[in-house]
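Protein chains: 2
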Amino acid sequence: MSEGTKQLKNYKGYFIDLDGTVYAGKKRIPAAKRFIASLQEHHKPFLFVTNNSTQLPRDVVKNLSENHDIHVQPENVYTSGMATVDYMLANKPRANPSVYIVGEIGLKQVILANGFRLDSDHPDFVVVGLDSDLTYEKLSEAVLAIRSGSTFIGTNPDTNIPKERGMMPGAGSVVKFVEYATQQEPIMIGKPRPRIIESALKKIGLAKDEVVMIGDNYNTDIKAGMNAGIDTLLVYSGLSTRQQVSKESNLPTYQIDSLDEWQV
Amino acid sequence: MSEGTKQLKNYKGYFIDLDGTVYAGKKRIPAAKRFIASLQEHHKPFLFVTNNSTQLPRDVVKNLSENHDIHVQPENVYTSGMATVDYMLANKPRANPSVYIVGEIGLKQVILANGFRLDSDHPDFVVVGLDSDLTYEKLSEAVLAIRSGSTFIGTNPDTNIPKERGMMPGAGSVVKFVEYATQQEPIMIGKPRPRIIESALKKIGLAKDEVVMIGDNYNTDIKAGMNAGIDTLLVYSGLSTRQQVSKESNLPTYQIDSLDEWQV
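Protein chains in written order, with this note's numbering: chain R, 2 to 265; chain U, 2 to 265.
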């Protein structure tokens, strides 16, 4: 651990980013595997807090198990799709709320499994996320509904998702399209916005000063933690570099090079 | 003509907006028909300067003739698609430039008729406009090419296009998607940006102080004229109202209620 970022606290719970923190694309991060095993050994509750709304918790669990030899439960996964559902449940205008969804099957399944029904005409909510089958027609339905009064929700503001072809357009790009065509700002759920963290605190059942957000990306993970008012731990195993972060006026609570440096 | 906006000048040429100025959707504007006939009678050169990139000049001519009894030539039409071509011809990096197009058949035809060849891998230019067959794949091709160094051009920044279903997403919404996913600003051609006006001046062969831009929309037509440094005439037959415009710090050169008030 670097000078000046000494571990001062024993946290009761952990929020952990996935890509860049627990694995690096298809590559394993062995220190992360040891860290997760240590959390389990010490019975410390943890949630993987991810902006990815296209995957279901069981898909995340399967990928971690099959490709990274990390073994967790679906209950350890909290996606922006699940946080979107929790936001809508807390703000629904009636018992059987309706929704129009621009997004993939993972997002649709988690929403429909929670008592929402699909409606494109006058939905209570329009949820906009990443959709690799995006069309002008789907975007138009979303735009017309929001212009008619539906509540506009964006799953996450990611500009891109890294794929083999390159930096493909992310959920935030889809949201920007709808934002411009409606001239309305969405209620944005994912990191770096604090909603997903506040919602994860409810799910894990701990107070703000009892958890720490761990991630590799200053602009999403660390800012989300800061925006929600919880401690943050930046691990330099992914996107952000010490050089970039040293220029920031708000520094993470802790900065480490490997999760091996952290005492659970 | 209103007090304080007396017609002071006899212009040599006219730039004229279409929807809201020459017709109102499917409804005719009789004063506009008389105005166009008067321009023709006095042999005054004029161009319809339109942000619509999906139509070819012959389509515009056909619509004016069949639905509004206004008879003009294809040479009287200057679309954002044509202005896009003129921009690319003036800035092409080599003799046989390549382009990737997100747009409809009208935009593709005008570009391909001017010596450009299609290429999605490493095009010199990526042109983004309105496309009612928009897909994630098309958007991804545009984003990947721009991220690899292609010049990013937006046909026009319109937020919406009015259709029977309502205010559908406009070209600007498609451009915003690509802008966010590339984190690059486009070279924007259409109104209220001045490029389409500067390019129309070359086409009509007149100087800035010899033409006036006529339109019904303060935020597109009038601002385009102001941004290009030419005189402007706001006719209250369409979108803008005197009440809205009175709050602006920069007023149009002239404001009238009907084109019947204007002496050619």
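Every residue gets a Cβ at the ideal spot worked out from N, C-alpha and C, and that includes glycine.
Helix, strand or coil, according to DSSP, for residue i in the structure here?
i	result
A96/U	coil
Q56/U	coil
K10/U	coil
I231/R	coil
E4/R	Legend: pLDDT at E4/R = 48, less than 50; position of this residue unreliable, value from coordinates given subsequently. Coil at E4/R, not helix or strand.
F117/U	coil
V212/U	strand
G26/R	coil
N251/R	coil
Q110/U	helix
V50/U	strand
D70/U	coil
G191/U	coil
K45/U	coil
G173/R	helix
D18/R	coil
R243/U	helix
V61/U	helix
W263/U	coil
D159/U	coil
L207/R	coil
D222/U	helix
D87/R	helix
E199/U	helix
A182/R	helix
L145/R	helix
Do residue i and residue j have their C-beta atoms within less than 8 Å of each other?
i	j	result
L234/U	T221/U	no
T156/U	V129/U	yes
F153/R	Q185/R	yes
L260/U	A33/U	yes
N218/U	P195/U	no
V100/U	G82/U	no
A225/U	K248/U	no
G107/R	Q56/R	yes
F47/U	N77/U	yes
G104/U	S174/U	no
I197/R	I188/R	no
Looking only at C-alpha atoms, which of the options sits nearest to residue i?
i	options	result
G14/R	N52/R, I205/R, S81/R and N97/R	I205/R
D210/U	Y101/U, G230/U and G191/U	G230/U
L240/U	G26/U, F16/U and Q8/U	G26/U
V73/U	V86/U, I17/U and K109/U	I17/U
R166/R	V176/U, E142/U, K164/U and N161/U	E142/U
K93/R	V111/R, N77/R and N115/R	N115/R
G21/U	S54/U, Q8/U, V50/U and L9/U	V50/U
Q264/R	G226/R, V23/R, A91/R and K45/R	K45/R
T160/R	I71/R, L19/R, F36/R and N52/R	N52/R
I102/R	A91/R, D120/R, A96/R and R95/R	D120/R
V144/U	P163/R, G150/R and A146/R	P163/R
S66/R	S54/R, Y79/R and R29/R	R29/R
S149/R	E199/R, S133/R and A182/R	A182/R
H43/U	S151/U, Y24/U, P31/U and N11/U	N11/U
I71/R	T80/R, Y24/R and N97/R	Y24/R
S250/R	I223/R, V236/R, K109/R and Y237/R	I223/R
P31/U	H69/U, Q244/U and D132/U	H69/U
M214/R	A208/R, D232/R and S200/R	D232/R
K177/U	L131/U, T80/U, V246/U and S151/U	L131/U
Q256/U	Q244/U, Y237/U and Q245/U	Y237/U
Residues bridged to residue i by DSSP?
i	result
V127/R	Y101/R and F153/R
D217/U	Note: D217/U sits in no beta bridge, so no partner.
I37/U	Per DSSP, none; premise fails for I37/U.
Q256/U	L235/U
K164/U	G167/U
V78/R	F49/R
T136/U	T136/R
How about residue i: is its Cβ closer than 7 Å to a heavy atom in the ligand COA?
i	result
K248/R	Annotation note on the ligand COA: not contained in the displayed structure, which lists no ligands.
*Touch test, the region 134–149 of chain U against the region 57–65 of chain U, Cβ-Cβ under 8 Å, three pairs minimum*: The region 134–149 of chain U and the region 57–65 of chain U do not touch, with fewer than 3 CB-CB distances between them shorter than 8 Å.
*Just checking, does the region 162–170 of chain U make contact with the region 107–127 of chain U on the three C-beta pairs under 8 Å criterion?*
Output reads no: the region 107–127 of chain U does not touch the region 162–170 of chain U.
*Quick check: the region 188–207 of chain R against the region 68–88 of chain R, are there 3 or more CB pairs under 8 Å?*
Yes: the two stretches touch, three or more of their Cβ pairs being nearer than 8 Å.
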